[in-house]
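Q:
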Amino acid sequence: MAASEHVVEKAGNAKIVARSDVVVVGGGPAGFSAALAARREGMSVTLIERYAYLGGLASGGMVLVLDDMSNGPEVTVTGICMEMIERMAKVGACVFPPPEDRRTDWEAYHRWARWGVFDFRAQTKPQPILMAAAFDPDGWKRMSNEMIEEAGVNVRLHSWFSKAIVEDGRIKGVICETKAGREAIMGDVIIDTSGDLDVAAAAGAQFTHGSFIVTTVFRLGGVDTDATERFSQQEPEKYAEIDRQAKRVMGGSWDFWWLKTPLPGIVWCNCPHMAGYDALKVDDLTRADFEGRKKIYALVDYVRQHMPGFEKCYVVDVAPQLGVRQTRLLEGDYVVTKDDVLDRVHFADTVARGRDYYTPYRAMLPKGIEGLLVAGRHYSATETAQKMSREIPPCMSMGQSAGVAAALAIKGDGLLRHVSAVEICARVRAQGGDPGDIPSANAKIAETLA
Ligand SMILES: Cc1cc2nc3c(=O)[nH]c(=O)nc-3n(C[C@H](O)[C@H](O)[C@H](O)COP(=O)(O)OP(=O)(O)OC[C@H]3O[C@@H](n4cnc5c(N)ncnc54)[C@H](O)[C@@H]3O)c2cc1C
236 MAASEHVVEK AGNAKIVARS DVVVVGGGPA GFSAALAARR EGMSVTLIER
286 YAYLGGLASG GMVLVLDDMS NGPEVTVTGI CMEMIERMAK VGACVFPPPE
336 DRRTDWEAYH RWARWGVFDF RAQTKPQPIL MAAAFDPDGW KRMSNEMIEE
386 AGVNVRLHSW FSKAIVEDGR IKGVICETKA GREAIMGDVI IDTSGDLDVA
436 AAAGAQFTHG SFIVTTVFRL GGVDTDATER FSQQEPEKYA EIDRQAKRVM
486 GGSWDFWWLK TPLPGIVWCN CPHMAGYDAL KVDDLTRADF EGRKKIYALV
536 DYVRQHMPGF EKCYVVDVAP QLGVRQTRLL EGDYVVTKDD VLDRVHFADT
586 VARGRDYYTP YRAMLPKGIE GLLVAGRHYS ATETAQKMSR EIPPCMSMGQ
636 SAGVAAALAI KGDGLLRHVS AVEICARVRA QGGDPGDIPS ANAKIAETLA
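Going by the numbering used here, the sequence shown opens with residue 236, and the numbers climb by one from there.
(1) Evaluate residue 427 with the Cβ neighbour count: other Cβ atoms within 10 Å of its Cβ, from every protein chain shown; 16 or more gives buried, anything less gives exposed.
(2) Measure the CB-CB distance between residue 668 and residue 624 and report whether it falls below 8 Å.
(3) Report yes if the C-beta of residue 648 is less than 7 Å from at least one heavy atom of ligand 1; otherwise report no.
(4) Do the stretch 382-399 and the stretch 571-578 make contact, defined as three or more Cβ pairs closer than 8 Å?
(5) I'd like to check one pair, residue 588 with residue 401: are the Cβ atoms closer than 8 Å?
(6) Do you know whose CA, among 610, 662, 601, lies nearest residue 442's CA?
(7) Consult DSSP for residue 427 and reduce its assignment to one of helix, strand or coil.
(8) Whole alpha helix (DSSP H) runs in the stretch 248-282 with 4 or more residues, listed along the chain?
(9) Going by DSSP, what residues sit across from residue 552 in a beta bridge?
(10) Please return the same chain residues whose Cβ sits closer than 8 Å to the Cβ of residue 532, not counting the five positions on each side in sequence.
(11) Taking only the alpha-carbon atoms, compute the straight-line gap between residue 324 and residue 369 and give it to the nearest angstrom.
(12) DSSP on residue 564, reduced to helix/strand/coil?
(13) For ligand 1, I want to know if residue 306 counts as a neighbour, meaning its beta carbon is within less than 7 Å of at least one of the ligand's heavy atoms.
(14) Looking at the strands, I want to know which residues DSSP matches up with residue 422.
(15) Taking contact to mean 3 or more Cβ pairs, one atom from each stretch, closer than 8 Å, check whether the stretch 409-426 and the stretch 293-310 are in contact.
(16) Residues bridged to residue 309 by DSSP?
(17) Inspect the beta-carbon positions of residue 322 and residue 378 and report whether they are closer than 8 Å.
(18) Taking residue 515 as the reference, give the member of 478, 527, 433 with the closest Cα.
(19) Please check the pair residue 582 and residue 504, which I expect to be a contact at CB under 8 Å, by giving their CB distance rounded to whole angstroms.
(20) Indicate whether residue 447 and residue 556 have their beta-carbon atoms separated by less than 8 Å.
(21) Indicate the three-state DSSP secondary structure (helix, strand or coil) for residue 329 in the structure shown.
(22) Might you give, ordered along the chain, the residues of its own chain that have their beta carbon closer than 6 Å to the beta carbon of residue 202, omitting 5 neighbours on each side?
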C-alpha cells in the first residue's frame with residue numbers, strides 16, 4: 236500500500252472509566268510529581284501511563300543519575316525529587332555524596348566521579364563533586380508505587396493516550412487505547428506529562444518538532460569496578476586508549492560511558508548514542524532499537540578482551556524504552572530561550588527550577604486551550620534551551636508546580652491563567668519544594684509578564 240493512502244475510521248464510543256479533578260497523562264518523573272502534588276492539595280487525581288510501571292525514562296529508560304539539582308553547594312531542587320531520593324536511599328537503592336564530599340579536589344573526584352555525581356558542565360579538572368544521586372531503576376518503580384498508593388492517586392497503567400476531548404476551546408478529558416478497548420477519563424484539569432506532548436498536540440496546541448540523539452541504555456554485570464578504577468588511575472594513558480577504542484566500537488557516548496550503580500559489580504552504560512532518528516516515527520524507533528542492540532554487543536565483545544575489570548562482564552538488561560531526549564516542544568504563552576537558561580533569568584512568574592535556571596508558569600500553558608497544563612521535557616522552550624534544562628530533577632520541579640497550579644485553578648474560578656505564580660510558589664514551598672527566591676546576584680530578572 237502506498238504510504239499516502241488512508242483508511243477512514245468511524246467515530247466510536249469510549250466507556251467513561253474514571254472522573255477526577257485532575258488527570259495526569261504520563262507516569263514519568265514530571266507526571267508522578269504532578270499527580271502527588273495535586274493530590275496533596277486535596278484533589279482527586281487519575282494518573283495514566285502506557286507501560287506497566289511508573290518512572291518513564293528514569294526507570295524504563297534506565298536514566299540512572301538525578302542531576303542538575305544543585306548550584307555549587309546549594310541544593311536547588313528539593314520537594315518530591317528529594318523525597319524520592321531519601322526513600323530510595325533508605326532501601327539501598329540510591330547513593331549520593333554526603334555534604335562533606337561535595338567539593339573540588341582529586342580525592343573527592345576519585346571517590347565519586349564514577350557515580351556520575353560531578354559537575355559535567357565544569358571545564359576544569361577535577362570537576363566539582365555535587366549533590367546528585369545514582370539510583371536503581373527498580374528502586375524507583377517500587378518507591379513511586381509506594382508513594383502513589385499512600386497518597387491515594389488512582390493509577391491506570393497499560394493505558395495508551397490516543398485522543399483529547401476538547402469542547403469550545405476547553406479540554407474535558409482524554410481517550411486511551413487499552414486491552415479492554417477505548418476508555419475515556421474525564422477531568423477538570425488535564426496535565427500533559429507524556430514527554431512527547433501527545434495530549435497538547437492532539438488538543439491542537441502549537442508546537443515545534445525538535446530532535447536530538449537517542450540512546451539504547453543498558454547495564455553490564457560481573458564488572459570488577461575496583462580493578463578498572465585502579466587501572467585508570469595507575470595507567471591513565473593505556474586506559475584512555477582502550478576507552479577511546481571502546482567509544483569508537485560503539486559509535487557514540489559521553490566522556491564517561493560507564494558509571495557505578497547501587498548494585499555491586501553492575502554498571503550503567505548511558506550509550507550508544509545514535510543520531511538521525513525521529514522518535515515519533517515507528518520506523519525510526521524500530522531501527523534505533525535494532526541498531527543500538529548490535530552496538531551494545533560489539534562493545535561487550537571489545538571490553539571483555541581489552542578492558543581490565545570487564546573480562547567477565549555480561550549484559551544484565553537493555554532499557555525497555557529507547558532513550559528519547561527531545562521530540563515535540565510546546566510553543567506556549569512564553570518560550571524559554573538558550574539565553575534565559577544561560578543568563579539564569581528569573582521570571583516574574585517563576586514556578587520551578589533546575590540547577591541555576593528557572594521555569595516561568597507561562598512555559599506550561601498551551602495557547603488557545605483552557606484546562607490544560609504541560610510539564611516535563613516537552614515544556615515550552617527552544618530546542619537548544621530544552622537540551623540544557625531537561626534533566627529529571629527540573630522536570631520533577633515543573634511537575635510539582637503543575638499539580639499545585641491545577642489544584643489552585645479548580646479551587647478558584649477554573650481558569651489556569653487566573654492562578655497566581657506567587658500562590659503556586661507558596662503552596663510548592665508548603666509541600667517542601669523550592670521554586671527559588673529571586674536570586675541576589677548575577678541573574679537577570681525578566682521584569683514584565685509579556
Ligand atoms: C539516554 C538519556 C540519558 C539521560 N541522562 C540524564 C541524566 O543523567 N540525568 C538526568 O537527570 N536526566 C537525564 N536525561 C533526561 C531525563 O531522563 C528526561 O528529560 C526526563 O526523564 C523527562 O521526564 P518527563 O517526565 O518529562 O518525561 P519521560 O521520562 O519521558 O516520561 C513520560 C511518561 O509518559 C508516558 N507516556 C508517553 N506517551 C504516552 C501516551 N501516549 N499514553 C500514556 N503514557 C504515555 C511514558 O511512558 C513515560 O512514562 C536523559 C535522557 C535520556 C534519554
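Note that beta-carbon positions come from the ideal geometry of N, C-alpha and C, so glycine has one too.
A: Considering the structure as presented:
(1) When all chains shown are included, residue 427 counts as buried.
(2) No, they are not a contact pair.
(3) Checking every heavy atom of ligand 1 against the Cβ of residue 648, none is found closer than 7 Å.
(4) No: the two stretches stay apart, fewer than three of their Cβ pairs being nearer than 8 Å.
(5) No.
(6) Considering only alpha carbons, the answer is 601.
(7) DSSP places residue 427 within a strand segment (E or B) once states are collapsed to three.
(8) Runs found: 264-275.
(9) Per DSSP, 454.
(10) Shown here for residue 532: same chain residues with a beta carbon closer than 8 Å to its own, the five before and five after excluded, namely 550 in chain order.
(11) If you take the alpha carbons of residue 324 and residue 369, they lie about 10 Å apart.
(12) In this structure, residue 564 counts as strand in the three-state DSSP scheme.
(13) The answer is no for residue 306.
(14) Answer is 255, bridged to residue 422.
(15) At 8 Å Cβ cutoff, the stretches do not touch.
(16) Under DSSP, residue 309 shares a beta bridge with 306.
(17) If you check the CB distance, residue 322 and residue 378 come in under 8 Å.
(18) Residue 515 has its Cα closest to that of 433, out of 478, 527, 433.
(19) At roughly 37 Å, the Cβ-Cβ gap does not stay under 8 Å, so residue 582 and residue 504 are not in contact.
(20) Residue 556 sits away from residue 447, with the two beta carbons spaced by 8 Å or more.
(21) For residue 329, the three-state secondary structure derived from DSSP is strand.
(22) The chain is shown from 236 up to 685; residue 202 falls before or after that span and cannot be answered.
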